[in-house]
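Each remark here refers to the structure printed beneath this line.
2 protein chains.
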Amino acid sequence: MDQLESVKYYRTFEAGQTVIWSGDRMDFVASIVTGIASLTQTMEDGRRQMVGLLLPSDFIGRPGRATAAYDVTAISDVVMCCFRRKPFEELMGRTPRIAQRLLEMTLDELDAAREWMLLLGRKTAREKIASLIAIVARRDAELRLRSTGNDLSFELPLTREAMADYLGLTLETVSRQISALKRDGVVVLEGKRRITIPDFDRLLEETGDDTDGGLLV
Amino acid sequence: MDQLESVKYYRTFEAGQTVIWSGDRMDFVASIVTGIASLTQTMEDGRRQMVGLLLPSDFIGRPGRATAAYDVTAISDVVMCCFRRKPFEELMGRTPRIAQRLLEMTLDELDAAREWMLLLGRKTAREKIASLIAIVARRDAELRLRSTGNDLSFELPLTREAMADYLGLTLETVSRQISALKRDGVVVLEGKRRITIPDFDRLLEETGDDTDGGLLV
DNA sequence: TGTCAGCATTGATGTGGATCAAGCCGATGG
DNA sequence: CCATCGGCTTGATCCACATCAATGCTGACA
Numbered sequence: 080m081d082q083l084e085s086v087k088y089y090r091t092f093e094a095g096q097t098v099i100w101s102g103d104r105m106d107f108v109a110s111i112v113t114g115i116a117s118l119t120q121t122m123e124d125g126r127r128q129m130v131g132l133l134l135p136s137d138f139i140g141r142p143g144r145a146t147a148a149y150d151v152t153a154i155s156d157v158v159m160c161c162f163r164r165k166p167f168e169e170l171m172g173r174t175p176r177i178a179q180r181l182l183e184m185t186l187d188e189l190d191a192a193r194e195w196m197l198l199l200g201r202k203t204a205r206e207k208i209a210s211l212i213a214i215v216a217r218r219d220a221e222l223r224l225r226s227t228g229n230d231l232s233f234e235l236p237l238t239r240e241a242m243a244d245y246l247g248l249t250l251e252t253v254s255r256q257i258s259a260l261k262r263d264g265v266v267v268l269e270g271k272r273r274i275t276i277p278d279f280d281r282l283l284e285e286t287g288d289d290t291d292g293g294l295l296v
Numbered sequence: 080m081d082q083l084e085s086v087k088y089y090r091t092f093e094a095g096q097t098v099i100w101s102g103d104r105m106d107f108v109a110s111i112v113t114g115i116a117s118l119t120q121t122m123e124d125g126r127r128q129m130v131g132l133l134l135p136s137d138f139i140g141r142p143g144r145a146t147a148a149y150d151v152t153a154i155s156d157v158v159m160c161c162f163r164r165k166p167f168e169e170l171m172g173r174t175p176r177i178a179q180r181l182l183e184m185t186l187d188e189l190d191a192a193r194e195w196m197l198l199l200g201r202k203t204a205r206e207k208i209a210s211l212i213a214i215v216a217r218r219d220a221e222l223r224l225r226s227t228g229n230d231l232s233f234e235l236p237l238t239r240e241a242m243a244d245y246l247g248l249t250l251e252t253v254s255r256q257i258s259a260l261k262r263d264g265v266v267v268l269e270g271k272r273r274i275t276i277p278d279f280d281r282l283l284e285e286t287g288d289d290t291d292g293g294l295l296v
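Protein sequence lines correspond, in order, to chains A and B. For the working numbering, count along the first sequence from 1 and bump the result up by 79. For the working numbering, count along the second sequence from 1 and bump the result up by 79.
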């Protein structure tokens, strides 16, 4: 099926490939099927900040907007499901449920962005790293439908550089702080990517977040 | 009209007053009529980060959520227009236009949040201050329906402390950087709050933002 | 089996902004 | 007219993180 003809089609990207550049014309919206992608902004001198982390089922693009506002990059190999924008917008006009669902998702993203702003503005490097590991750990647990019990183990899907872009740090600082958490027994590393968390509550203490509120805050 | 009875009612707050605390029960949604309010998150040890700046017509609260996720504080005197949450949600279910409008607004806020993340994660103190002044200047120009010509002059609605919370800085650093911009002729101060911008493009150069893209980026 | 490339770690040093600590200014009230 | 108080400014010092610079590890490929 030709992707120029059909309303819905699939595209795949290899790890590291750019899906779209900020400012490019974008006549589709999409949703991640498998893999991880990032939304980043770049300043003229090259400073970079990740502003969104896209996981399976996350939405890409904005109805009513013809131009990409951010760089979208595949972090792992990615499969995404695309809809041509115009038909999608028409469908959205006819089907209120879609707009409502999209509103839900966008509000969740906004909450995540605000949590992220606290991290960027006020947390120390160590707290940032601990927070990121906790976030990834929770995601991982969710995806595998496990309870968030103790002794989690999972693969870090991000390079040190991607973590730095996420956290507003340099990759050297990321590396040093991970080493420090390892030294202090908060995490255990096997190789560079596989992480085990012997005591999740201990990790949470390191994040600086309110712990007693739990997931509800 | 009793506000416990009616679906729609007005409330006023004085500058500095807290509208609602994070975690409080919240059975209304609202919209700012006049004044400015802030959304902030606080860590246990008191570190604070502003995560939203609410201006006239901005929306407060989240349909389907019964608990406030952030502290809401009146920065200036504020009048807001409240709707009891349940009736509002029912109305939203019956009126697709409302959900669509809310989606629009939420997407705009998400874009603003992402711009803000770049600022928090990667900009220098000087760039942060310049960015904030540019943002407030544009807002002010919009409100007064002026073109964004040169030689703007307006009242800064935020205290140094509120600016610090917005920017992820201390109030001392905010003060120093404003003094520096003044010394360098980028801004002119009359008193502590009134700012004149002799050359808006010069200010934009200080923000670190892509200038050639203009408002579209 | 060497070597090369791409991540990651670690060390030495520098610096931007935080912290601690005095004052300053303009409004408010006795 | 002075006292006071909250917001602001400015100075001295400190430190967390950036920067610059080697070096290590692992896997791909000739």
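All C-beta atoms, glycine included, are put in the ideal place defined by N, C-alpha and C.
TODO: Find the residues of chain B that neighbour arginine 272 (chain A), judging by a C-beta separation of less than 8 angstroms, and give them in chain order.
DONE: Here the premise fails: no neighbours, minimum Cβ distance about 23 angstroms.
Open item on the list: Give me the DSSP bridge partner(s) of alanine 274 (chain B).
Closed with: The sequence given here has isoleucine at residue 274 (chain B), not alanine. Looking at the DSSP assignment, isoleucine 274 (chain B) forms a beta bridge with B:Phe233 and B:Leu268.
Open item on the list: Does the structure place the region 109-119 of chain B close enough to the region 139-150 of chain B that three or more beta carbon pairs sit under 8 angstroms?
Closed with: yes
Open item on the list: Under 8 angstroms, Cβ to Cβ, is there at least one residue of chain B near threonine 185 (chain A)?
Closed with: yes
TODO: Compile a chain-ordered list of the residues in the region 188-201 of chain A whose CB is closer than 9 angstroms to at least one CB of chain B.
DONE: Glu188, Leu189, Asp190, Ala192, Arg193, Glu194, Trp195, Met196, Leu197, Leu198, Leu199, Gly200 and Arg201
Open item on the list: Between B:Glu194, B:Phe167 and B:Arg193, which has its C-alpha nearest leucine 181 (chain B)'s C-alpha?
Closed with: B:Phe167
Open item on the list: Starting from arginine 164 (chain A), trace the alpha helix (DSSP H) in both directions and tell me its first and last residue.
Closed with: 164-173
- [ ] Kindly indicate which three-state DSSP category valine 215 (chain A) falls into: helix, strand or coil?
- [x] helix
Open item on the list: Taking its Cβ as the centre, do 16 or more other Cβ atoms sit within 10 Å of threonine 119 (chain B), making it buried, or is it exposed?
Closed with: buried
- [ ] Let me know if aspartate 23 (chain A) comes out buried or exposed under the rule of 16 or more other beta-carbons within 10 Å of its beta-carbon.
- [x] Because chain A here runs from 80 to 296, residue 23 (chain A) falls outside it and cannot be looked at.
Task: Where proline 166 (chain B) meets chain A, residues with beta-carbon distance less than 9 angstroms - done: Correct list: empty, because the minimum Cβ distance to chain A is about 17 angstroms.
Task: lysine 261 (chain A) (DSSP reduced to helix, strand or coil) - done: helix
Open item on the list: From the DSSP secondary-structure annotation, give me the bridge partner or partners of leucine 118 (chain A).
Closed with: A:Gly131 and A:Val151
Task: Delimiting residues of the beta strand (DSSP E) encompassing threonine 113 (chain A) - done: 107-113
Task: Limits of the alpha helix (DSSP H) - the one that arginine 281 (chain A) falls within - done: 279-286
- [ ] Return no unless some Cβ of chain B is closer than 8 angstroms to the Cβ of aspartate 280 (chain A).
- [x] no
Open item on the list: Using the Cβ count rule (16 or more neighbours within 10 Å means buried), how would you classify tyrosine 245 (chain B)?
Closed with: buried
TODO: Under 7 angstroms between beta-carbons, which chain B residues line up against methionine 122 (chain A)? List them in chain order, please.
DONE: Arg201 and Gly287
Task: Proximity below 8 angstroms, CB of alanine 213 (chain B) to CB of leucine 260 (chain B) - done: no
Open item on the list: For a test of the three-state rule: what should DSSP assign to lysine 207 (chain A), helix, strand or coil?
Closed with: helix
Task: Where arginine 141 (chain B) meets chain A, residues with beta-carbon distance less than 8 angstroms - done: Leu186
Task: Where arginine 126 (chain A) meets chain B, residues with beta-carbon distance less than 9 angstroms - done: Leu197, Gly200, Arg201, Lys202 and Gly287
- [ ] Take leucine 170 (chain B) as the anchor and find which of B:Leu186, B:Arg205, B:Gly143 and B:Ala116 has the nearest alpha-carbon.
- [x] B:Gly143
- [ ] Enumerate in chain order the residues of its own chain whose CB-to-CB distance from threonine 290 (chain B) is below 6 angstroms, with the five nearest sequence positions on each side excluded.
- [x] Leu283
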